[in-house]
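**Q**
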Amino acid sequence: MKNVNELFNTKYPLIQGGMANVATAVLASAVSNAGGLGLIGAGGYDAEWVRTEIRKCKEMTDKPFGVNIMLMSPHAPAIAKVVVEEQVKVVTTGAGSPGIYMESWKKAGIIVIPVVPSVALAIRMERAGADAVVAEGTESGGHIGELTTMALIPQIVDAIKIPVIAAGGIADKRGVLAAFALGAKGVQVGTVLLATVECPIHENYKKKVIDARDTDTVVTGRGTGAPVRVLKNKMAVEYLSMSNQGVPLAELEKLTLGSLRRAVFDGNMDTGSFMAGQISGLVKEIRTVKAVLESLFDGVNQYKDQLEVM
Ligand code: TUI
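Written as structure tokens, this is what we have:
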């Protein structure tokens, strides 16, 4: 089995999370230039936005990068075509099963890495031709599954032959080593990259991550089929209280409509959705992307022979 950094042609076996509205060409190129695999997060944007970001990213780095497609987006089918046309090297997917696109992506020579929250989906994706999976624990920010990273990774590792990349709760080298010890061949990180110089989000968002303690995330939307982990604020607390009182979904959705954009672009502390993982409490300063990646893998090579990852 190829190591994940050989599969990507990167220095580190690391993927950046496909964070919607956050993961632009600016962040993706910074991660790729620092030795990881940067991703453009298509999020809710349309196909032409994605095409433009891909072209910008090609200008900003000569290293490999990928695109994350959020499958709940109505633009996903058109974006699935754009990644082929633009000869994107790697595609990751989230919030659904990419089965219907797999054949066209494989034909185009794209490395396909679905994000999965369960063993069943990991097995389905391996059968459908995925090159690797990102197994994402419920510690993660944004849209999440039920299982923790600790429980999910070894179960998926035992169920499939393709490489497993661990996500959820990883923000320093202890997390990286733990993921490798569980059998993962690489890691995906998101939260720790929010607190970087290059991350193109409002300063209030970065400050909120840095100020967060271990217990400061909550999960909204558990009743909607699309639970989302965010940092606690007025909006999240109101949402949970209204949801507990049985307020109908349509009412609740009025509260969350446009809330991620209010966090990312306006830094609105009261009404924004500050998506971030449980590991926010470990993130204490704003660093460059390069410094973050170096610290994640600092000394990890020492364990190369035992872990057979890099
Ligand atoms: O997708 C993510 N994280 C995200 S997407 C996102 S944008 C958004 N905003 C508001 C509401 C919903 C989405 C913010 N964060 N992570 C990957 C991920 N995929 N987590 C969980 C899943 C997942 C869940 C169910 C993947 C597949 C799946 O299976 C469905 C099926 O068809 O079997």
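Going by my numbering, the sequence shown opens with residue -3, and the numbers climb by one from there.
Cβ atoms here follow ideal geometry from the backbone N, Cα and C, with glycine treated the same way.
Model, not experiment: these values are computed from the prediction.
1) Cβ of E132 within 7 Å of any heavy atom in ligand 1?
2) Okay, do the region 175 to 183 and the region 241 to 251 touch, 3+ Cβ pairs below 8 Å being the bar?
3) Which residue's Cα is closest to the Cα of A16: A147, V84, L67 and I166?
4) Does the beta-carbon of H139, which I'm using as the reference point, lie nearer than 7 Å to any heavy atom of ligand 2?
5) Can you find at least 3 beta carbon pairs, one from the region 135 to 145 and one from the region 217 to 224, that sit closer than 8 Å?
6) Are there three or more Cβ pairs, one per stretch, closer than 8 Å when the region 45 to 56 is compared with the region 11 to 31?
7) Report buried or exposed for G125, applying the criterion of at least 16 other Cβ atoms within 10 angstroms of its Cβ.
8) Verify whether the separation of the beta carbon atoms of T89 and P70 is less than 8 Å.
9) Out of K169, V214 and P60, state which residue places its alpha-carbon closest to the alpha-carbon of K7.
10) Please state whether DSSP places L303 in a helix, a strand or coil.
11) Using 8 Å as the limit for Cβ to Cβ distance, is Y41 near chain D?
12) Can you give me the start and stop residues for the alpha helix (DSSP H) that T187 sits inside?
13) For the beta strand (DSSP E) that Q12 lies in, which residues bound it at each end?
**A** For this structure:
1) yes
2) no
3) L67
4) For ligand 2, the structure offers nothing, since it holds only ligand 1.
5) yes
6) yes
7) exposed
8) no
9) P60
10) helix
11) Checking the listed chains, one finds no chain D in this structure; it contains a single protein chain.
12) T187 to L190
13) L10 to Q12
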